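Enquirer: Residue numbers (this note's numbering): 1065 to 1537. Before we start, here is the structure in question, set down as structure tokens.
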Amino acid sequence: MKVENKPYLPIIILIICIFCSVFSIYISNAIVININFSGIVGFSLFFLIMILIIFNYKNDIYLYYLSLLCLPGIFDDLMPQVKIGYEYEAGFTTFPIFSLFDLLLIILIYKYKNREIRKNIIWILIIMILILDVINFTFSIFNYRGEYLGVLFRGTLLFVRLSLIYILLVSIKIDKYYFMNLSVYVSMSILILSLGSFFLSIGKERFVGGYYGMNIFANFLVMLTLISFGFFLIYKTKLNVFYLITTIIGLIIILLTQTRMALLSLLFGFLLMILLLNVNYRKKLSLLLLGSLSLVIISIYLLNTSQFTRLLVLISPIDYLQNVDLSTNTTLGTRLLLWEATLQMVKDNLFFGIGAGMWNFVRYEYGVSFPVLLDSHNSYLGIMSEYGIIIFILYMFFIILCIYKSIQNIKKESEVQTKNVQKVYLIAVICWLLTELSNAGIYKVSIHIFVWTILLSLYLFKPNRDIGENIEK
């Protein structure tokens, strides 16, 4: 692996980053800087990574792990943001002009610049989606009233990042140890997100996760917690305790968000792992039972009767008999109204959609006329409505193909422990995809970067390769 000896690029990008931040704050009154725990941690890690790169740190894959660890805090937090689109009842929409993760991706790709990109069907799909979105963006930048819709650029940035992640991952060695190391950083993300959520949620009825909100935050935490739980089951080292602790912490925070879909998906994921992983459960399940008992005691202490009622009641029939206040009601009745409006958007803009990030702009025309920021509460309907049916089909084909290839890799793999490692990640991603049926994590790009990293890593993994001694030794 060839590593650049001259760290000119990271130094230049670091200077540009600081200059753009200061300049943007000076010239724009739309700058949003969120000072919170995860943002400070992420920003600090970013500068640590830059220093490691400048001083020619050679284990580049660990820099990518650290970059993923930064994601929950730096993607929208502590970043200069600019106005896009036009002003409406809730004010201007703002969007980061760049993210620190983008800069880290470019730097890491630069260090691997002599590697050849594998042009397989996944790469073709990504390029097709990107080209279609650029065409859509070009012809839709001004609406029929002649208003500039800069918000559409969000879609292009989304798929540019997907292509950058693919370019990086095809340049590194993806084996069992790659996934094992990644799991440690996933569990560390649980700690960072949980601490940040605790500081933000003091005195609130439901726990939140910074700019993630409650539901999307809980769903994201489901994926991370399942990975930690899976490695707790398959590991036989001192890291077992670390995975057990982070699993219990994840469980507690998810429960305190009172997000019902997240809890159902988490239980489903636990069941799948217990049934599908090839491990001895006796000792591990006894430890988990003790942890769960602690969870119940803590939950009873922290939650009152009304909060438990919300967790147990999935559907309130009264919502079907009265007008629903979208600003306060979060039951299935509310979601049905949002889904109906989103489906109508799909019908009216079938092939090219309403435009990336435009849901909140056009929802007034479809009967959702409340001065609060909302979303489609279904990522798949959201993609169809904003990007059109063509990009939706290609994107879903991308996800399904990654899952299918992952299953084939698991079947071909001869080593039991490696099978277990792949199953853990696959189950975690599938459970997160299920939660997106009732929420719209599509609007949080940092979450998708985690998902893309896992899916593409599973797709690019080569089974039956010589990966050295067994992890259990």
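Just so it is clear, CB atoms sit at the ideal spot from N, CA and C, and this is done for glycine as well. What you are looking at is a predicted structure, and each value in this text was computed from that prediction instead of being measured.
Quick check: the region 1418 to 1427 against the region 1439 to 1452, are there 3 or more CB pairs under 8 Å?
Expert: With a cut-off of 8 Å, the region 1439 to 1452 and the region 1418 to 1427 count as touching, because enough Cβ pairs lie within range.
Enquirer: Pick out whichever of L1335, Y1299, F1201 and I1238 has its Cα sitting closest to the Cα of M1422.
Expert: Answer by Cα proximity: F1201.
Enquirer: Compute the Euclidean distance between the alpha carbons of L1341 and K1487, then round it to the nearest angstrom.
Expert: Spanning the two alpha carbons is a distance of roughly 7 Å.
Enquirer: What's the gap between the Cα of D1439 and the Cα of N1344?
Expert: Looking at the two C-alpha atoms, the distance is approximately 43 Å.
Enquirer: Closer than 7 Å by C-beta to A1405: which residues in its own chain qualify, once you throw out the five before and the five after it? Chain order, please.
Expert: Correct list, in chain order: R1427, Y1430, G1431 and V1432.
Enquirer: Which residues bound the alpha helix (DSSP H) around H1512?
Expert: That run of the alpha helix (DSSP H) goes V1509 to L1524.
Enquirer: Quick check on this structure: which residue in E1500, I1186 and K1469 has the alpha carbon closest to the alpha carbon of I1229?
Expert: The option with the nearest alpha carbon to I1229 is I1186.
Enquirer: In this structure, does DSSP put Q1486 in helix, strand or coil?
Expert: The answer is helix: DSSP assigns Q1486 an H, G or I state.
Enquirer: Does DSSP put M1422 in a helix, in a strand, or in coil?
Expert: Three-state result, M1422: coil.
Enquirer: Between the beta-carbon of V1286 and the beta-carbon of I1313, is there less than 8 Å?
Expert: Going by C-beta atoms, V1286 is not nearer than 8 Å to I1313.
Enquirer: Specify the secondary structure class of V1286 as computed by DSSP and reduced to three states.
Expert: Helix at V1286.
Enquirer: Output yes or no for whether 8 Å exceeds the beta carbon distance between V1480 and K1240.
Expert: The answer is no: Cβ separation not under 8 Å.
Enquirer: Measuring CA to CA, which of L1519, F1293 and L1308 is closest to L1331?
Expert: Looking at the Cα atoms, F1293 is the closest of the given residues.
Enquirer: So, with DSSP's three-state summary, where would you put S1261?
Expert: Correct three-state label for S1261: helix.
Enquirer: From S1258 to L1465, what does the alpha carbon distance come to, in whole angstroms?
Expert: In a straight line, the C-alpha of S1258 is about 33 Å away from that of L1465.
Enquirer: When you compare only the Cα positions, how much space is there between F1525 and I1291?
Expert: One C-alpha to the other measures close to 18 Å.
Enquirer: Quick one, are the C-beta atoms of G1505 and F1271 less than 8 Å apart?
Expert: No, these two residues do not count as a Cβ contact at 8 Å.
Enquirer: As a quick exercise: from M1460, L1255 and L1414, pick the residue whose alpha carbon is nearest that of T1311.
Expert: Ranking the options by Cα distance to T1311, first place goes to L1255.
Enquirer: Excluding five sequence neighbours on each side, which residues of the same chain lie with their C-beta closer than 6 Å to the C-beta of L1498?
Expert: Contacts found: S1329.
Enquirer: Using alpha carbons as the reference points, say which of F1296, Y1468, F1461 and G1446 lies closest to I1338.
Expert: Ranking F1296, Y1468, F1461 and G1446 by Cα distance to I1338 puts F1296 first.
Enquirer: Using only the alpha-carbon positions, how far apart do G1333 and I1199 sit?
Expert: Straight-line Cα distance between these residues: approximately 39 Å.
Enquirer: Which residue wins for smallest C-alpha separation from A1492, given the options V1250, S1227 and L1222?
Expert: The shortest C-alpha separation from A1492 is found at V1250.
Enquirer: Compute the Euclidean distance between the alpha carbons of Y1523 and I1316, then round it to the nearest angstrom.
Expert: Looking at the two C-alpha atoms, the distance is approximately 32 Å.
Enquirer: Nearest-angstrom Cα distance between H1441 and L1407?
Expert: About 12 Å.
Enquirer: Kindly indicate the opening and closing residues of the alpha helix (DSSP H) around S1329.
Expert: Residues R1324 to L1340.
Enquirer: Taking only three categories from DSSP, how would you classify D1439?
Expert: DSSP places D1439 in coil when its eight states are reduced to three.
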